[in-house]
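Just so you know, the sequences run in chain order A and B. Positions 1 to 323 (the UniProt record's numbering) are the ones given, in order, by the first sequence. Positions 1 to 277 (the UniProt record's numbering) are the ones given, in order, by the second sequence.
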Amino acid sequence: MSTAVSPSPTPAPSAAAARPTTQRRRSRDWVHALLMTAPALAGLIAFVAVPFGYAVVLSLHKARLGSDRPPAFVGLEQYRRILTDPDLSGRFLHALLNNLTFALAVVPLQTGLALALAVLLNRKLRAIGLFRAVFFLPVVFPMALVAVIWRLILARSDQGILNSLLHQLSFGHWGSFDWLGSPLTAMASVVVLSVWQGVGFQMVILLAGLQAIPDERYEAAQLDRASRWQQFRHVTLPGIRTTLIFVALLTSVLSFRVFDQVYILVRGGGLNENATRTVMYEAVTTAFDQNNIGRASAITVVFFLIVLVLTLVQRRVARGDDA
Amino acid sequence: MNRTIRRIADHTVLGLLALVFALPVLYLVIGSLKPSDQVLAGLSGFLPTNLSLHNYAAVLHSLSSDSTGHFWRFMGVSLLVAATVVAGGLVVNSMAAYALSRLEWGGRKLLFTLVLLLMLIPFESVAVPLFYLFDTQRNTVWIQAAPFIANAFSVYQFHTFFQAIPLSIEEAARIDGAGPWRILFRIIYPMSKPAFASVAILTFLTQWGSFLWPVLMVDDPSVRPLPLEISVFQGQQPPDWGQILAFGVLLVLPVVVVFAFFQRWFVQGVAGSAVKE
Numbered sequence: 001m002s003t004a005v006s007p008s009p010t011p012a013p014s015a016a017a018a019r020p021t022t023q024r025r026r027s028r029d030w031v032h033a034l035l036m037t038a039p040a041l042a043g044l045i046a047f048v049a050v051p052f053g054y055a056v057v058l059s060l061h062k063a064r065l066g067s068d069r070p071p072a073f074v075g076l077e078q079y080r081r082i083l084t085d086p087d088l089s090g091r092f093l094h095a096l097l098n099n100l101t102f103a104l105a106v107v108p109l110q111t112g113l114a115l116a117l118a119v120l121l122n123r124k125l126r127a128i129g130l131f132r133a134v135f136f137l138p139v140v141f142p143m144a145l146v147a148v149i150w151r152l153i154l155a156r157s158d159q160g161i162l163n164s165l166l167h168q169l170s171f172g173h174w175g176s177f178d179w180l181g182s183p184l185t186a187m188a189s190v191v192v193l194s195v196w197q198g199v200g201f202q203m204v205i206l207l208a209g210l211q212a213i214p215d216e217r218y219e220a221a222q223l224d225r226a227s228r229w230q231q232f233r234h235v236t237l238p239g240i241r242t243t244l245i246f247v248a249l250l251t252s253v254l255s256f257r258v259f260d261q262v263y264i265l266v267r268g269g270g271l272n273e274n275a276t277r278t279v280m281y282e283a284v285t286t287a288f289d290q291n292n293i294g295r296a297s298a299i300t301v302v303f304f305l306i307v308l309v310l311t312l313v314q315r316r317v318a319r320g321d322d323a
Numbered sequence: 001m002n003r004t005i006r007r008i009a010d011h012t013v014l015g016l017l018a019l020v021f022a023l024p025v026l027y028l029v030i031g032s033l034k035p036s037d038q039v040l041a042g043l044s045g046f047l048p049t050n051l052s053l054h055n056y057a058a059v060l061h062s063l064s065s066d067s068t069g070h071f072w073r074f075m076g077v078s079l080l081v082a083a084t085v086v087a088g089g090l091v092v093n094s095m096a097a098y099a100l101s102r103l104e105w106g107g108r109k110l111l112f113t114l115v116l117l118l119m120l121i122p123f124e125s126v127a128v129p130l131f132y133l134f135d136t137q138r139n140t141v142w143i144q145a146a147p148f149i150a151n152a153f154s155v156y157q158f159h160t161f162f163q164a165i166p167l168s169i170e171e172a173a174r175i176d177g178a179g180p181w182r183i184l185f186r187i188i189y190p191m192s193k194p195a196f197a198s199v200a201i202l203t204f205l206t207q208w209g210s211f212l213w214p215v216l217m218v219d220d221p222s223v224r225p226l227p228l229e230i231s232v233f234q235g236q237q238p239p240d241w242g243q244i245l246a247f248g249v250l251l252v253l254p255v256v257v258v259f260a261f262f263q264r265w266f267v268q269g270v271a272g273s274a275v276k277e
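Spelled out as structure tokens, the structure:
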């Protein structure tokens, strides 16, 4: 995993004379190094490693918040229930399916749009900086705010902007559809607002990839009278292949973590809960509303395993990029 | 000739896309300046009529009592938490990264592997046990910041950057008798401004929008951060849209200002960090 380019641990014979000082320095450095790493390490252990271990432990227990009874060990019962118990597994697997639907829609849509934007913006056009800023701007918007804005755009009454627009365009035939509330369009709505917020992020990464393609390749393609589309197919795409795969995988990891917009819109914005409940939403409501910490922990452990697999795939691809 | 047409076509396509893309932002800004009953009013919500700063005044005024919460308090909590996480994170994570990337000592390989492993654990999968472990610390400011100061990914970012600095510079200082701390503060830090800028910006951005953790840990308005408050605010019945959007502008303004000033670093930070991950 480590790609550290450390100096060779065994000094060359000619440097043998310098050895004692190096050794002394090393032993002294050891103390400094420990002091330097201690604060970060303490934080990581206290707030990541220990809670993670605790998640695994809690997932094997029946635990409640504010209860006098200590957590009771139940073994793999929580996992069995969320995965196979007919009363519960339906709910959990449905959330998992919602995650999958979300990722399957967001990943190609967002990556494709980001690629299109990056290609369009990778030109020497006037005001190109301004255009880039416009597409990047929503990335800095907190999801809590994005949810509010889109709640208004997608409002079910004919006062909602989208409905009002459709009303005008259809001469009054359409115009009061409940975009967030209808099970048909609830997930699509979440996808649209998430892509709007996130596409600038991917765009910037792809833009960096595009700018690394040497100009000569395009010049050569132009000499061969390649059309714009042919240049895109045979120069651009191969040039950013690994970046593109990487971006798609990164998006899939990020999309799996979707929570804020779903939670906010379900709670206050009339979003169809059943159609948009995701795994993290399920974990939070199980812990928070049902006060079932054990089961919530089991859900987050399963969540972790899925994200882990996605991340490992992503790492492998990213490393392929270096080679 | 052909080229001119192409140029116009490019500009038109981009212009249209940008317009569609900017509409929600435009709506936010216009809406925040309009009377509340004219915000959710179909396409006329876009018409810049009756513009005034009334909603902003009302947000600052109506959110200024103990029952509704204080706007400046929400802002203060968000700023305090973000500043703590960014400043604390820069110091703690860069120090660790230096020790792990530049100092020769026994435990470094092992510890760096540990950091890389911890990077695989997303915050979401430790949120529930943290919530359970720190139940008694709910509704405090410190618990909102504490879990995010030490950050494996930031350590990794600094690590990557420090490794690119030539060893010879450090060796020269060593020969002159400088110790590791002196080298860190006097040589490494001054050379690493871009790394600090991009880590700081990315940390600030993530922290400013943080929602999941406050949802779990905060219900007392006196320590509520802005993103949580806007979700509470927009859930009230009947919603006062003008004020909610004005609140939204005030929520995003600090980031937009930072973004405007440090745009180059901002974009580099995002692109660099993601590609290197």
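Every residue gets a Cβ at the ideal spot worked out from N, C-alpha and C, and that includes glycine.
- Message: Shorter than 7 Å, the distance from the beta carbon of R69 (chain A) to the closest heavy atom of the ligand MN, or not?
- Response: Within the structure as shown, the ligand MN is missing, as the structure has no ligands at all.
- Message: For chain A, check one thing: does any of its Cβ atoms lie closer than 8 Å to the Cβ of F71 (chain B)?
- Response: Using a CB distance cut-off of 8 Å, F71 (chain B) does not count as an interface residue toward chain A.
- Message: Across the segment 151-158 of chain A and the segment 175-184 of chain A, are there enough close Cβ pairs to call them in contact, namely three or more that are closer than 8 Å?
- Response: With the cut-off at 8 Å, the segment 151-158 of chain A and the segment 175-184 of chain A touch.
- Task: Name, please, each residue of chain A whose Cβ falls closer than 8 Å to the Cβ of G177 (chain B).
- Result: Within 8 Å Cβ-Cβ: nothing; G177 (chain B) doesn't reach chain A, min ~11 Å.
- Test: Y27 (chain B) CB closer than 8 Å to a CB of chain A: yes
- Buried or exposed for residue 297 (chain B), please, with buried defined as at least 16 other CB atoms from any protein chain shown within 10 angstroms of its CB. Outside the modelled stretch of chain B, which goes from 1 to 277, sits residue 297 (chain B), for which no answer is possible.
- Message: Is I82 (chain A) close to chain B? Criterion is C-beta to C-beta, closer than 8 Å.
- Response: no
- Query: Which of the three DSSP states, helix, strand or coil, is assigned to K62 (chain A)?
  - Reply: strand
- Using DSSP with H/G/I as helix, E/B as strand and the rest coil, what is S8 (chain A)? A caution first: S8 (chain A) carries a pLDDT of 39, below 50, which makes its placement in the model unreliable, though a value can still be read off. Coil.
- Task: Kindly indicate if chain E contains any beta-carbon less than 8 Å away from that of Y189 (chain B).
- Result: Of the protein chains in this structure, namely A and B, none is chain E.
- Message: Rounded to the nearest angstrom, what separates V249 (chain B) and L28 (chain B) at their Cα positions?
- Response: Rounded to the nearest angstrom, the two C-alpha atoms are 7 Å apart.
- Message: Let me check understanding here. Comparing Cα to Cα, which of B:T206, B:V199, B:P166, B:A200 lies closest to I188 (chain B)?
- Response: B:P166
- Task: My understanding is that A144 (chain A) touches I230 (chain B), with C-beta atoms under 8 Å, so please give their C-beta distance in whole angstroms.
- Result: 5 Å
- Item | Sequence-distant residues of the same chain with beta carbon closer than 7 Å to L63 (chain B), five excluded per side | Within the same chain, L63 (chain B) has close Cβ partners G69, H70, F71.
- chain B within 8 Å of A118 (chain A), Cβ atoms only: no
- Can the beta-carbon of F261 (chain B) be found closer than 8 Å to that of I201 (chain B)? no
- Task: Since I believe L251 (chain B) is in contact with A127 (chain B) (beta carbons under 8 Å), could you give me their beta-carbon distance rounded to a whole number of angstroms?
- Result: So it is not a contact: roughly 22 Å between Cβ atoms.
- G45 (chain B) to Q230 (chain A), Cα distance in whole Å? One alpha carbon belongs to G45 (chain B), the other to Q230 (chain A), and they sit about 44 Å apart.
- What does I244 (chain B) reach in chain A if we use C-beta pairs closer than 7 Å? V148
- Please report the Cβ distance between I293 (chain A) and L58 (chain A), rounded to the nearest whole angstrom; I am assuming they are in contact, meaning their Cβ atoms lie under 8 Å. 6 Å
- Query: On the three-state DSSP scale, how would you describe N127 (chain A)?
  - Reply: Strictly speaking, residue 127 (chain A) in this sequence is Ala, with Asn absent from that position. Annotated three-state conformation of A127 (chain A) is coil, per DSSP.
- Neighbouring residues, chain A, relative to N93 (chain B) (Cβ below 8 Å): A40
- Task: Could you work out which residues of chain A lie near I230 (chain B), taking near to mean beta carbons separated by less than 7 Å?
- Result: A144, L145, V148
- Message: Can you pull the chain A neighbours of I149 (chain B), defined as C-beta to C-beta under 9 Å?
- Response: P39, A40, G43, F47
- Message: Is there a C-beta anywhere in chain A that falls below 8 Å from the one on Q263 (chain B)?
- Response: Answer yes: the Cβ-Cβ gap between Q263 (chain B) and chain A drops below 8 Å somewhere.
- By a C-beta neighbour count over all protein chains shown, 10 Å radius and 16 as the cutoff for buried, is N291 (chain A) buried or exposed? Per the 10 Å Cβ criterion, exposed.
- Query: the segment 198-209 of chain A: which residues have C-beta closer than 7 Å to a C-beta of chain B, in chain order?
  - Reply: F201, V204, I205, A208
- Message: Using the three-state DSSP reduction, which class does A15 (chain A) fall into: helix, strand or coil?
- Response: Bear in mind that a pLDDT of 43 at A15 (chain A), under 50, signals an unreliable position, so the number given afterwards is only what the model happens to contain. DSSP places A15 (chain A) within a helical segment (H, G or I) once states are collapsed to three.
- Message: Measuring alpha carbon to alpha carbon, tell me which residue in B:M95, B:A83, B:P35, B:L40 is nearest H32 (chain A).
- Response: B:M95
- Please say whether P39 (chain A) and A150 (chain B) have beta carbons closer to each other than 8 Å? Inclusion of A150 (chain B) and P39 (chain A) in the CB contact set at 8 Å is warranted, their separation being smaller than that value.
- Closer than 9 Å, Cβ to Cβ, to anything on chain B: give me those residues from the segment 176-193 of chain A, in chain order. L193
- Message: Just to confirm the assignment, what range does the alpha helix (DSSP H) spanning W72 (chain B) have?
- Response: 71-101
- Item | the segment 63-76 of chain A contacting the segment 103-122 of chain B, beta-carbon criterion three pairs below 8 Å | no
- Is there contact here, the segment 124-139 of chain B with the segment 297-315 of chain A, by at least three beta-carbon pairs under 8 Å? yes
- Query: Which chain A residues are close to A98 (chain B), counting only those with a beta carbon under 7 Å from its beta carbon?
  - Reply: According to the sequence as given, residue 98 (chain B) is Tyr; it is not Ala. In chain order: M36.
- Run the CB neighbour count on W181 (chain B), radius 10 Å, all protein chains shown included, and call it buried at 16 or more, exposed below. exposed
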